[in-house]
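> Protein chains in written order, with my numbering: chain A, 67 to 196; chain B, 14 to 518. Supplied in structure tokens, the structure appears directly below.
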């Protein structure tokens with residue numbers, strides 16, 4: 067009986083772990099994200115990030131908190147983070163450090179003043195080594 | 014301390030009695046020894062690894078499909094690979110000992126016994142070599158390192174494969190003839206400082222029952238029902254990989270299951286310390302394996318192991334993409350697999366055939382031996398294993414040392430997403446591992462040790478082949494090992510460039 071209980075608990079934990087970690091956590095909004103990297107294609111080191119946030123009708127979204135998380139597509143690497151500052155309405159600037167050559171992706175998280183959270187994954191393939 | 018007196022290689026690698034070697038026996042140690050002598054110690058090691066595998070499978074299929082955020086991808090490609098080679102370097106083939114794939118198989122075998130013997134024509138390393146190359150190829154083609162779902166599928170396939178094969182075929186057919194990880198571990202553990210070996214060979218010479226290989230059957234006076242065949246049931250397995258302890262040489266094909274330890278009625282099998290690579294140069298028949306220098310499949314296995322190490326490391330640096338791009342432009346190919354296949358053919362067939370052929374031709378002519386070219390290659394192929402292992406160590410060690418702490422934030426993140434609160438604390442994303450400036454000297458050290466090991470083994474083989482012209486016979490192989498070492502060193506000095514999209518990227 068005790069063994070059955072342990073097994074049942076384990077399976078529940080597995081289920082919770084699995085369901086809880088389901089991908090697609092981003093919320094559906096009508097906000098569009100446009101990320102530009104300079105230089106492009108990017109090279110290893112600090113890269114300028116320019117992010118535009120706008121509604122589907124083109125209205126800039128200002129006053130948002132924008133955070134970038136850069137990861138390599140290979141496991142075992144520390145991510146790089148950047149907080150972008152608003153340079154003009156709807157346009158946010160900052161620097162992200164690509165620590166190694168290869169394929170990266172950037173997770174964009176933007177919290178708008180009205181409480182919406184925009185999350186988007188932007189692929190950055192082929193960051194070049196110097 | 015144990016004194017071993019027989020069956021060890023002499024200085025020139027011949028299998029003959031030699032000076033007594035003092036060995037430490039792990040099974041004689043106070044706590045560890047008692048644990049390992051416990052009959053269920055293997056299961057005690059397998060169970061946690063099995064449940065960890067289930068967590069990895071769950072996270073692979075239902076967790077975030079981003080490799081750096083996924084436990085399956087991280088633990089498989091960073092921690093598991095790194096720990097396997099490091100544990101073998103420091104102790105022995107402990108992964109096979111704690112192998113989770115054998116747990117469901119052992120449970121299934123309690124329910125029914127397999128009926129068939131593994132087909133005679135497949136009782137060699139060819140199926141495992143094919144699977145080993147297939148895994149290396151799939152790893153590059155499908156970028157398994159960046160794909161949690163396929164990593165999960167690989168683990169599930171492994172469980173299913175081991176279960177099905179060993180449910181149909183007797184003994185440890187999956188481990189001995191199919192498992193690519195097993196072959197990797199068997200070859201690597203020839204460099205390990207520990208070996209499951211006989212304590213006193215004289216006791217074995219008087220043994221009548223040979224339980225270490227036959228297994229222990231139930232006593233005749235028990236009330237156990239005998240099967241229809243009339244034989245009493247086996248209560249303790251003997252070696253399922255056909256390694257007869259008194260004639261066993263080295264760790265090849267040994268899974269450290271310790272069945273022989275539990276089966277021996279004289280308590281005469283231990284886990285003994287020894288000099289790594291000491292027995293690679295031993296010539297002559299080996300129990301359960303045969304004469305290694307007559308087995309071309311072992312030559313190919315050692316070659317694929319070594320040149321595969323270079324290829325696998327080469328695939329993570331920038332020049333490989335330039336090369337692929339160049340081939341694509343020249344041939345007009347827009348798909349990766351034929352280009353990758355051509356690179357594999359060059360790296361694993363053409364290049365080794367050419368290099369080993371030249372080295373063998375030179376040493377054969379110097380030694381003035383009647384051996385054929387292939388026999389000479391078969392003799393010396395074993396000397397590739399240490400440098401190959403050194404390159405695997407450098408490569409996997411790099412990933413492990415630079416990223417071993419990343420498991421903490423990923424586990425914290427998984428718990429946070431699962432339970433909605435930071436059960437394991439807030440994810441500490443800044444945790445990574447050692448800086449590359451520290452890891453690089455370690456990589457060089459691993460490869461340097463591998464080079465020395467290869468030289469030591471090839472020297473012993475050259476001594477066997479041509480005692481009067483050892484230097485001349487040794488030199489071409491020493492140059493080959495040096496060439497492999499320098500190639501690996503060049504690869505390790507290149508900036509890493511992990512890409513999966515060479516044509517699109």
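For glycine and all other residues, C-beta sits at the position ideal for the given N, C-alpha and C.
Please classify residue 188 (chain A): does DSSP put it in a helix, a strand, or coil?
Translated into positions along the first chain, residue 188 (chain A) becomes position 122. Note: residue 188 (chain A) maps to strand in three-state DSSP.
> Kindly indicate the opening and closing residues of the beta strand (DSSP E) around residue 114 (chain A).
Reading the first chain from its first residue, position 48 is the one you call residue 114 (chain A). Note, residue 114 (chain A): beta strand (DSSP E), 111-121.
> Let me make sure I understand the geometry here. Which of B:202, B:221, B:322 has the alpha-carbon closest to that of residue 153 (chain B)?
If you number the second chain from 1, residue 153 (chain B) lands on position 140. It is B:322 whose Cα lies nearest to the Cα of residue 153 (chain B).
> For residue 357 (chain B), name the three-state secondary structure that DSSP assigns.
Residue mapping note: residue 357 (chain B) aligns to position 344 of the second chain, counting from 1. Residue 357 (chain B) falls in the helix class under three-state DSSP.
> Taking a cut of 8 angstroms between CB atoms, which residues from the stretch 151-172 of chain A lie near chain B?
Of all residues in the stretch 151-172 of chain A, 166, 167, 168, 169, 171 have a Cβ within less than 8 angstroms of some Cβ in chain B.
> For residue 92 (chain A), would you say it is in contact with chain B, using Cβ-to-Cβ distances shorter than 9 angstroms as the test?
Position 26 of the first chain, counted from the first residue, corresponds to residue 92 (chain A). In this prediction, residue 92 (chain A) has a pLDDT of 44, which is less than 50 and means its spatial position is unreliable; what the coordinates show is noted afterwards. Answer no: the Cβ-Cβ gap between residue 92 (chain A) and chain B never drops below 9 angstroms.
> With 9 angstroms as the C-beta to C-beta threshold (strictly closer), list the residues of the stretch 119-148 of chain A near chain B in chain order.
Taking 9 angstroms as the Cβ-Cβ cut-off against chain B, the residues of the stretch 119-148 of chain A that qualify are 135, 137, 138, 139, 140, 141, 142, 143, 144, 145, 147.
> Taking residue 195 (chain A) as the query, report the chain B residues whose CB atoms sit under 7 angstroms from its CB, ordered along the chain.
For the purposes of this step, residue 195 (chain A) is identified with residue 129 of the first chain, where counting begins at 1. Here the neighbours are 331, 508, 510.
> Would you check if there are 3 or more beta carbon pairs closer than 8 angstroms linking the stretch 394-410 of chain B to the stretch 56-75 of chain B?
Too few Cβ pairs lie closer than 8 angstroms, so no.
> What does a CB cutoff of less than 6 angstroms around residue 435 (chain B) pick up in its chain, not counting 5 residues either side in sequence?
Within the second chain, numbered from 1, the residue matching residue 435 (chain B) stands at position 422. So the list reads 429, once near-sequence residues are dropped.
> Answer with buried or exposed for residue 130 (chain B), where buried requires no fewer than 16 other C-beta atoms within 10 angstroms of its C-beta.
As a position in the second chain, residue 130 (chain B) is number 117, starting the count at 1. Residue 130 (chain B) comes out exposed.
> Restricting to runs no shorter than 4 residues, where is the alpha helix (DSSP H) found entirely within the stretch 93-143 of chain B?
Entirely contained in the stretch 93-143 of chain B, the alpha helix (DSSP H) runs reaching 4 residues are, in chain order, 94-103, 107-110, 115-124.
> What are the complete alpha helix (DSSP H) segments, minimum 4 residues, inside the stretch 342-411 of chain B?
As far as the stretch 342-411 of chain B is concerned, its whole alpha helix (DSSP H) runs of at least 4 residues are 349-358, 364-380, 386-394.
> Exposed or buried, which one is residue 440 (chain B) when buried takes at least 16 other CB atoms within 10 Å?
Residue 440 (chain B) sits at position 427 when you count from the first residue of the second chain. By the neighbour-count rule (16 or more Cβ atoms within 10 Å), residue 440 (chain B) is buried.
> Just the C-alpha distance for residue 298 (chain B) and residue 346 (chain B), rounded to the nearest angstrom, thanks.
In the second chain, counting from the first residue as 1, residue 298 (chain B) sits at position 285. In the second chain, counting from the first residue as 1, residue 346 (chain B) sits at position 333. Taking the straight line joining both Cα atoms gives about 48 angstroms.
> So is residue 111 (chain A) in contact with chain B if we call contact Cβ pairs under 9 angstroms?
For the purposes of this step, residue 111 (chain A) is identified with residue 45 of the first chain, where counting begins at 1. Not an interface residue.
> Between the C-alpha atoms of residue 168 (chain A) and residue 461 (chain B), what's the straight-line distance to the nearest angstrom?
Residue 168 (chain A) sits at position 102 when you count from the first residue of the first chain. Residue 461 (chain B) sits at position 448 when you count from the first residue of the second chain. Roughly 28 angstroms between the two C-alpha positions.
> Just to confirm before moving on: does the CB-CB distance between residue 131 (chain A) and residue 177 (chain A) stay below 9 angstroms?
Indexing the first chain from 1 puts residue 131 (chain A) at position 65. Indexing the first chain from 1 puts residue 177 (chain A) at position 111. Going by C-beta atoms, residue 131 (chain A) is nearer than 9 angstroms to residue 177 (chain A).
> In the stretch 136-208 of chain B, which residue ranges form an unbroken alpha helix (DSSP H) of at least 4 residues, counting only runs that do not cross its ends?
Correct list: 139-154, 161-181, 193-201.
> In chain order, what residues of the same chain lie with their CB nearer than 6 angstroms to the CB of residue 408 (chain B), ignoring the 5 residues before and after it?
Working through the second chain from its first residue, we reach residue 408 (chain B) at position 395. Only 326 meet the Cβ criterion.
> Residues of chain A with CB closer than 8 angstroms to the CB of residue 203 (chain B), please, in chain order.
Along the second chain, one-based indexing puts residue 203 (chain B) at 190. Correct list: empty, because the minimum Cβ distance to chain A is about 28 angstroms.
> Counting Cβ pairs closer than 8 angstroms, one from the stretch 96-108 of chain B and one from the stretch 197-212 of chain B, do we hit at least three?
Yes, since at least three Cβ pairs between the stretch 96-108 of chain B and the stretch 197-212 of chain B fall closer than 8 angstroms, the two stretches touch.
> Should residue 101 (chain A) be flagged as near chain B, meaning a C-beta pair shorter than 9 angstroms?
On the first chain, residue 101 (chain A) is found 35 positions in, with the first residue counted as 1. Cβ-Cβ to chain B under 9 angstroms: no for residue 101 (chain A).
> Using a Cβ cut-off of 9 angstroms (strictly closer), state whether residue 181 (chain A) contacts chain B.
Here residue 181 (chain A) refers to the residue found at position 115 when the first chain is read from its first residue. Not closer than 9 angstroms to any Cβ of chain B, the Cβ of residue 181 (chain A) fails to qualify, so no.
> With a threshold of 9 angstroms between beta-carbons, can residue 99 (chain B) be considered close to chain A, or not?
Within the second chain, residue 99 (chain B) is the residue found at index 86, counting from 1. It does not: the Cβ of residue 99 (chain B) has no partner Cβ on chain A nearer than 9 angstroms.
> Using a Cβ-Cβ cutoff of less than 6 angstroms, which residues in the same chain neighbour residue 489 (chain B) once the five nearest sequence positions on both sides are dropped?
Here residue 489 (chain B) refers to the residue found at position 476 of the second chain. Only 372, 375, 376 meet the Cβ criterion.
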